[in-house]
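Here is the structure we will look at.
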Amino acid sequence: MIDNIIFTGNVVAPVFLLVALGYFVKRIGVINENFVDVTSKFVYSVSLPALVFINIAEIDLSEAIDFNQIIYIYAATLFSFFIIWLLSIPFIKEGKNLSVFVQGAYRSNFAIVGFAIVSKLFGSYALGKAALVLAFILPLYNILAVIILTVPLRKEKKLNLKSTVFEILFNPLIIAVIVGLPFSYFKVEIPSFINLTIGFLAELALPLALIGIGGSLNLQNIKKASGLAFTSSAIKIILLPLLLTLGALHFGFRGLDLGVMFVLFASPTAIVSFIMAEAMGANSKLAGNIVLISTVASVFTIAVGIVILKELTLI
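Dropping the structure here:
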């Protein structure tokens, strides 16, 4: 038990210490809001796609991709999404709150927090599998977000199908996967100088992204957060990881596959949920509080989950 606790501490602590560092340096004025915004755009558009590309390009697709895993993730996500939505309707009357509550409860920050945890938990090789999972889950996340931020608000006119498809297909992370797949499938060797350049960019992705998350947090808002924010966060980082990981165990997933799925389900709410809520006219303050609470609390819930799974020798 002690060994697994120490191991888990070594996995989780570096990730959330970088988040804490981002919060601290923002508070003392070393970085500002503009730095956080510019860094987030750079990570999303350049550095994180480089990380995804290099890990996809260097893996063996025949070993890394598991369609049973993808099918389970899709089924679990869709089931969670619609159950949360249906069960919330009697209790949350305002559409702008309902839409944010549901999105906050299902949408994971897997590309940043999840990647960082997977890398520390299983090593850099596992990022190839994580990147493939991300490639499949991102379009689903985006489609479900558009649905939940449109239907409860009765603003169907805001749904532009052409624009939505364009945004999904031309997401920088999806492009990185599409470009990386031929390199992996045909085992194309990337020239050393290009490989090193992409590698340098990839190494920036997670540290910068985690510092950016910390810089975007305002802990004072926790005191003002509503019960909806705490409930949605609890569903996201406690209830869903518990139920969906048990489901994965029932279907026979173990080791790396189970670990990646647990991290996907247990990661805090994605920051983009706040951005989309604001853009679609939903309750962006509630969305921001869900991101804040789930991010701060997930340091403990992810750690507990990893310790249990390691203790039971399931991962």
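Here the sequence shown stands for residues -18 to 296, where the numbers follow my numbering. Heads up, the beta-carbon is just placed ideally off N, CA and C, and yes, glycines get one too. Every value quoted in this text rests on a predicted model; they were computed, and no experiment measured them.
With C-beta atoms as the reference, is residue i less than 8 Å away from residue j?
i: S214; j: F82; result: no
i: T276; j: I219; result: no
i: N90; j: I252; result: yes
i: Y55; j: R88; result: no
i: A45; j: I171; result: no
i: V6; j: L191; result: no
i: L119; j: L154; result: yes
i: N199; j: L273; result: yes
i: L227; j: A57; result: no
i: V17; j: S197; result: yes
i: F117; j: L108; result: no
i: G240; j: I289; result: no
i: L209; j: I65; result: no
i: L134; j: S69; result: no
i: L29; j: G195; result: no
i: L221; j: F246; result: yes
i: A206; j: N270; result: yes
i: L187; j: I93; result: yes
i: V(-8); j: L102; result: yes
i: L115; j: V11; result: no
i: S130; j: Q84; result: For clarity, residue 130 is Leu in the given sequence; the question names Ser instead. In this structure, Q84 lies closer than 8 Å to L130 by Cβ.
i: L182; j: A86; result: no
i: A112; j: V158; result: yes
i: S21; j: G193; result: yes
i: I40; j: S173; result: no
i: N297; j: N78; result: Residue 297 cannot be examined here, being either before or after the span of the chain that is shown, -18 to 296.
i: K110; j: L237; result: yes
Give the DSSP-derived three-state secondary structure of residue i in the structure shown.
i: S254; result: helix
i: S173; result: helix
i: E39; result: coil
i: E137; result: The predicted model places E137 with a pLDDT of 46, which falls under 50 and marks its position as unreliable; any figure quoted below should be read in that light. Residue state, collapsed to three classes: helix.
i: A183; result: helix
i: E75; result: coil
i: N(-15); result: helix
i: S105; result: coil
i: N264; result: coil
i: T294; result: coil
i: T276; result: helix
i: F281; result: helix
i: N123; result: helix
i: T131; result: coil
i: N270; result: helix
i: I70; result: coil
i: N152; result: coil
i: K110; result: helix
i: F164; result: helix
Tell me, please, which residues DSSP counts as bridged to residue i.
i: S89; result: T250
Is it buried or exposed, residue i, if we count other Cβ atoms within 10 angstroms and call 16 or more buried?
i: T(-11); result: buried
i: A284; result: buried
i: T178; result: exposed
i: Y25; result: buried
i: E137; result: Annotation note: pLDDT 46 at E137 (below 50); position unreliable, coordinate value reported separately. Flag for E137 reads exposed.
i: A258; result: buried
i: P249; result: buried
i: L293; result: exposed
i: M(-18); result: exposed
i: N49; result: exposed
i: A19; result: Ala is not the amino acid found at residue 19; the sequence shown has Val there. So V19 counts as exposed.
i: K204; result: exposed
i: F234; result: buried
i: I287; result: buried
i: I175; result: exposed
i: I98; result: buried
i: A229; result: buried
i: V146; result: exposed
Does the CB of residue i have a neighbour CB from chain D at under 8 Å?
i: F103; result: The chain inventory of the structure shown lacks chain D, comprising one protein chain alone.
Legend entry - Continuous alpha helix (DSSP H) assignments of at least 4 residues falling wholly in the segment 196 to 242: 202 to 205, 208 to 215, 221 to 231
Legend entry - Contained alpha helix (DSSP H) runs [length at least 4] in the segment -6 to 54, N- to C-terminal order: 14 to 23, 29 to 38, 42 to 45
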